[in-house]
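Protein sequence lines, in the order shown, are assigned to chains G and A.
Mapping to the numbering used here: the first sequence position 122 is 122, numbers consecutive.
Mapping to the numbering used here: the second sequence position 131 is 1131, numbers consecutive.
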Amino acid sequence: MKIAIASGKGGTGKTTLSTNLAVYFAEKGEVILADLDVEEPNSGLFIKGESVHKENKYKMIPEWEQEKCSLCGLCQEVCNFHAVIQLVDQILVFPELCHSCYACSELCPTDALPMVPKKMGELNHFRRDNLTFVESRLDIGQEQAVPLISQTNEYIEKHFHKEALKFFDSPPGTSCPVIEAVKNADFVILVTEPTPFGLHDLKLAVDTLKELKIRFGVVVNRHGIGNDDVVNYCMNKNIDLIAKIPNSRRIAELYSRGELIYQKIPEVKHQFEEIEKYIFAINKKSS
Amino acid sequence: MKEIVIISGKGGTGKTSITASFAYLGGIDVVVADCDVDAADMHLLMQPDFAKSEDFFSGEIAVINQDKCTKCGKCADVCRFDAIPVINDLYVVQPLDCEGCGYCARVCPEDAITNESQNVGKWYISTTKVENTMVHARLGIGADNSGKLVAKVKNEAKQIAKENNKDFIIIDGSPGIGCPVVSSLSGASFVVLVTEPTVAGLHDLKRVYMLVKKFKIETGCIINKYDLNLQVSGEIESFLKEENIIHISSLPYDETFTTAMTNGKTIVEYGESDLKEIIKESWEKVIGRAKG
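As structure tokens, this is what we get:
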């Protein structure tokens, strides 16, 4: 079962929930945690393990071979992303604009633009007891997170059993990187905080998941701060409110040091038991 | 006219609350641009009037004319994004998967595929509650090209600032280090990094600063909730020193951040707290630096 942890707004507790849930469930069995927030991956700050595997990740971009090129201009014409530009007597490729669609390369009548790999980031695979942790990080200056998220998903599909319990720590927002991170999930846990910003961005995330037709529920983090609008919204919209993690400076301090919270704060552990029951129930329903 | 960009790497560090306070303090001398188009929240504090709104079109999406389609499958063969599955015996483009590269349309022997430009969101020009102009946007669900919408919002704000002889543009950026952030940084005069003393905050600060460095823009940093973890705060300060980043200020952990927001107010308008004075001083420092 694949469970993505997402949120519209950043900083609501996605990583806290992902890492703590992964370790909590690993007490009972095999768990895979993947950090798909490749722009700013943080799960690794909370999860330590032994390195199992490490690989560079590449995206394919065209490379100009001058001696083959007839300067016909077709490559520039077919590129919808302005990533291939023809100057008077040369072709320039802008890798950061390229979407790796292969059109310029495959349509080139003289095969002058073969696709070559260009490094965009790296994937790390760790393990500790029952817990497997996979993280990818985008190289600084690379603008597109989607190809790396997609390749990380493929790595997980390939290496782990379909039925294994998997948590995906997703990027914030509602645009393309989030879609890529959650689109294959069986269920999404939306983490929010009970504030106007939290509510506003929760609504965006809810609209996105409805569009994608993925089932979801909400965990309220920092419960007790702000107001009741998030709780009321969930009730009015018949959205499952799975758990409420209390607002506490102690939790914020533990988090600040890179420590897990559920073992130290009994109320959080209690809320995790609620989440466990909930996940167990939906898993049973779907299988 | 100077562009001040506020970013954070990590989400939830207080970036938008601080930016909105700056927008409030700047009053009619500034134009505000909310470039966090993916999860734009500043309007909740600045109460813009949404006076002018326009659809934003960017990128294309393939559309198959089923009457012309002979189901040869060439489009699906060339599509690198698996965006054209066969559903009920028909080739159908999945809008959320289509990247709009147009390759399928080029190879279709029947000319059955057209590229239609995509409405990816809306952008607005507003007057806020403090009478300054704010340019903001809302990205459509799952839309691509957020970098382009960011550029649009920024350029509109620039234009307005120029026409009205405004001194500053205040830009609220997105979290992360990807295309929307790159887009908000280009052309900036001064960058404000908002961070928090958590291991994640420091990690993300370092990554986003590596990006800022490529642009060679003068940078300052505000440490929010500095007293949450004095040790990490110290590490952040050392990092700032090493990198010659100006340490603008350190704000204490204070739930006024949230209560002000819950009341639809910026921190500098709300109640009495030490935060108010520190943020005012921070703003003075920022504009002093941005002027150069």
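A virtual CB, placed ideally from N, CA and C, is assigned to each residue, including glycine.
As the crow flies, the alpha-carbon of VAL1063/A is around 42 Å from that of ALA22/G. Taking a Cβ-Cβ threshold of 7 Å, the residues of chain A close to ILE179/G are LEU1096, GLY1142, in chain order. With a cutoff of 8 Å on beta-carbon distance, GLY1026/A and PHE1168/A are scored as near each other. Counting only residues of its own chain and dropping the five nearest sequence neighbours on each side, LYS1162/A has a CB closer than 7 Å to the CB of MET1001. Identification of chain G residues near THR1198/A by a Cβ-Cβ cut-off of 7 Å yields TYR255, SER256, ordered along the chain.
Bounds of any beta strand (DSSP E) do not take in TYR102/G, whose DSSP letter is neither H nor E. Note: CYS1221/A is bridge-paired with LEU1193/A, HIS1247/A in the DSSP secondary-structure output.
Take the alpha-carbon of LEU1251/A and the one of THR1198/A: they are about 14 Å apart.
Neighbours of GLY8/G in chain A, taken as residues whose beta carbon is under 7 Å from its own, are ALA1039 in chain order. The beta-carbon of VAL1150/A is placed no less than 8 Å from the nearest beta-carbon of chain G.
With a 10 Å radius around the Cβ and a threshold of 16 neighbouring Cβ atoms, ARG128/G comes out exposed. Identification of chain G residues near TYR1253/A by a Cβ-Cβ cut-off of 8 Å yields ARG249, ALA252, ordered along the chain. When VAL206/G, THR15/G, GLU154/G are compared, the shortest CA-CA separation from GLY44/G is found for THR15/G. From the listed residues GLY1234/A, LEU1149/A, ALA1040/A, the smallest Cα separation to PRO1175/A is found for ALA1040/A. Between ALA1151/A and LYS277/G, the alpha-carbon positions lie close to 46 Å from each other. The continuous alpha helix (DSSP H) containing LEU1275/A extends over residues 1274-1291.
With its beta carbon less than 8 Å from one in chain A, ASP201/G belongs to the interface. Buried is the label assigned to SER1183/A, since at least 16 other Cβ atoms lie within 10 Å of its Cβ. Across the set GLY226/G, LYS166/G, PRO196/G, ALA205/G, the C-alpha of ALA205/G shows the shortest separation from the C-alpha of SER175/G. Between LYS1068/A and CYS79/G, the alpha-carbon positions lie close to 25 Å from each other.
Flagged as an interface residue toward chain G: GLY1176/A, by a C-beta distance shorter than 8 Å. Beta-bridge annotation (DSSP): MET115/G is paired with PRO62/G. With respect to chain A, the C-beta atom of GLY173/G has a partner C-beta closer than 8 Å. For LEU107/G, a Cβ of chain A is located within less than 8 Å of the residue's own Cβ. Within chain G, no C-beta atom comes less than 7 Å from the C-beta of SER1282/A; the nearest is roughly 20 Å away. Ranking SER7/G, ALA112/G, ASP207/G by CA distance to the CA of GLU65/G puts ALA112/G first. Judged by their CB atoms, ILE156/G and VAL134/G are nearer to each other than the 8 Å cut-off. Between PRO171/G and LEU33/G the beta-carbon gap is near 15 Å, outside 8 Å, which marks them as no contact. Taking 8 Å as the threshold, the shortest C-beta distance from CYS1179/A to chain G falls below it.
Per DSSP, the continuous beta strand (DSSP E) segment holding PHE133/G begins and ends at 131-138.
According to the DSSP assignment, HIS82/G belongs to no beta strand (DSSP E), since it is labelled neither H nor E.
Between PHE1022/A and MET235/G, the alpha-carbon positions lie close to 36 Å from each other. For ASN1155/A, the enclosing alpha helix (DSSP H) stretches over residues 1146-1163.
For PRO172/G, no beta strand (DSSP E) segment is defined, and its DSSP state is neither H nor E. Between ASP1204/A and chain G, the shortest Cβ-Cβ separation is below 8 Å. Within the same chain, Cβ atoms closer than 8 Å to the Cβ of LYS237/G are found at VAL206, the five residues on either side in sequence being excluded.
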